[in-house]
Amino acid sequence: MKFTFDRDSMLKEVSIAQEIISTKNANSILSNILINVQDNRLLIKATDLKINYETQIPVQVFEEGSTTIYCDKFLGILNALPSGEIEFNQDISNEQSVMVKINTLDKKNKFEMRSMSQEKFPDFFSADNVPYFEVSSKEIKEMIAQTYFAVSEDETRYFMNGVYFEKKGDNLNLVSTDSKRLSFASKKVLAGISDFPSAIVHPKILNIVLKHAPEEGNIFVAVVDRMIFFKFGNYKFGAVLLDGNFPNYQPVIPEHQEHSFQVEKNDLVNALKSVSQMVDKKAGRIYFNISDGILKISSAQADFGSADAEIPCKYAGEEYTIAMNYRYVEEPLRGINTDVITFEFTEEMKAVTMRPEPASDYLHIIMPMQKE
């Protein structure tokens with residue numbers, strides 16, 4: 005097998021593969037990527053048995069073939085090589101030790117690394133003919149950004165370790181919860197949505213989609229045979245779904261709240277940054293004191309001290325103090341793109357609703373903490 009490739013193009017695709025595969029065992033086939041060259045195209049595959057990855061790049065093929073190579077080491081070689089055309093040549097003269105030669109065309113940079121037969125590389129489930137639905141790339145990335153962080157880390161509650169995907173009419177809903185907070189996002193799908201069973205999707209694959217899907221254009225999604233598939237550009241991803249039944253989340257979302265206040269997002273971000281210096285790392289408790297026109301945010305650590313920050317808010321009414329987990333307020337802000345945030349509540353110990361203003365198709369529910 006012999007071909008030449010563009011170093012920068014290969015580096016991009018192999019870097020994504022490295023995010024997926026196992027690096028725990030250098031001798032495992034799962035630490036390798038499969039490469040197959042034919043018809044001036046290079047097919048790259050990677051898997052950790054839970055997530056599959058497939059992509060193609062154009063190459064100049066002199067001799068077709070297929071093999072697997074250790075991804076981490078290949079990525080290191082690519083990072084060391086200069087931009088430009090690179091030659092890849094598999095030497096099969098020694099059947100016991102098949103070596104791959106990777107060189108710049110001027111031969112000033114030369115590498116050799118061992119390869120492994122592709123025969124033991126796992127087969128992928130083909131999703132080429134499954135019923136995909138189409139959604140705006142920008143919108144689904146926004147939905148993922150608004151939900152992936154709220155999944156439970158408690159492995160005994162595995163059914164809450166992922167983001168729940170469900171079809172409601174022509175809408176795609178994404179929901180996540182760790183029982184102390186809940187994040188919800190909903191969007192109407194562009195070309196209608198085929199029926200599919202509700203699915204619990206691991207945040208690892210969602211982070212990959214969030215990171216690598218384009219800002220413009222559309223993404224194709226399919227749920228079939230206990231797997232979810234994403235297609236965009238020249239990429240194909242498949243991921244095994246999590247088992248279990250996601251809890252009934254709808255009763256958690258308040259239909260009506262008695263009180264509300266609004267703050268500028270930048271003011272809130274800066275205030276949270278200030279009080280975070282004195283947030284107790286274990287409890288994570290901060291206090292929101294809401295009064296006419298003022299939101300006072302405070303935190304305290306018994307062994308170190310306290311912090312307070314005041315920002316203007318749009319509110320008129322009775323004074324309230326609500327204790328919440330710092331992370332549960334700060335994390336949703338990272339994905340909110342509006343300038344104003346609305347908080348809604350009824351009582352100090354009942355669920356707080358956090359949403360962008362103007363109202364959008366996503367919201368966050370935060371359960372208050374006991375005051376100290």
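Offset between the sequence shown (1-based) and our numbering: plus 4.
No residue lacks a Cβ here, since even glycine has one placed at the ideal position from N, Cα and C.
Could you tell me if I148 is buried or exposed, where buried requires 16 or more neighbouring beta carbons within 10 angstroms of its beta carbon?
-> buried
Spatial distance of I37 from E268 (CA atoms) | 47 Å
Residue from M328, P218, A203 and F153 with nearest C-alpha to L246 = A203
Where does the unbroken alpha helix (DSSP H) through S278 begin, and where does it stop?
-> K269 to V279
Proximity of F9 and L46 at Cβ, strictly below 8 Å | yes
Taking the C-alpha atoms as reference points, what is the distance between N329 and V283?
-> 9 Å
Using a Cβ-Cβ cut-off of 8 Å (strictly less than) and excluding sequence neighbours within five positions of N222, which residues of its own chain qualify?
-> E138, V139, S140, S141, L194 and F236
In this structure, does DSSP put Q100 in helix, strand or coil?
-> Low local confidence applies: a pLDDT of 48 at Q100 is under 50, so the model's placement there is unreliable, and no value is given.
Closest by C-alpha distance to S35, when choosing among D43, F233, L53 and S278 | L53
Would the region 163-175 and the region 312-332 be scored as touching if the rule is three or more Cβ pairs under 8 Å?
-> no
Would you call the CB atoms of H263 and I20 closer than 8 Å?
-> no
Could you say which of E23, T350 and E170 lies nearest to I326 if we only look at CA atoms?
-> T350
By how many angstroms is the C-alpha of A50 removed from the C-alpha of I81?
-> 18 Å
Buried versus exposed call for S146 [16 or more other C-beta atoms within 10 Å across all chains shown] = Here residue 146 turns out to be Glu, not Ser, going by the sequence shown. Under this definition E146 is a buried residue.
Beta-carbon separation (whole angstroms), F200 vs K171, contact threshold 8 Å = 6 Å
Establish whether the CB of P316 and some CB of chain C are separated by less than 8 Å.
-> Absent from the structure: chain C. Only one protein chain is present.
Outcome for P372 when other beta-carbon atoms lying within 10 angstroms are tallied against a minimum of 16 | buried
Span of the beta strand (DSSP E) holding R305?
-> Reading the sequence as shown, one finds Gln at residue 305 and not Arg. Counting along the chain, the beta strand (DSSP E) containing Q305 begins and ends at I298 to Q305.
Have a look at S13, D43 and N56 and flag the residue whose alpha-carbon is nearest the alpha-carbon of V213.
-> N56
Mind checking H260: buried by the 16 CB within 10 Å criterion, or exposed?
-> exposed
N83: first and last residue of the uninterrupted alpha helix (DSSP H) it sits in = C75 to A84
Span of the alpha helix (DSSP H), counted from its first residue to its last, around R230 = Segment: none, R230 is in no alpha helix (DSSP H) and carries neither H nor E.
Could you tell me the boundaries of the alpha helix (DSSP H) in which R11 lies?
-> R11 to I24
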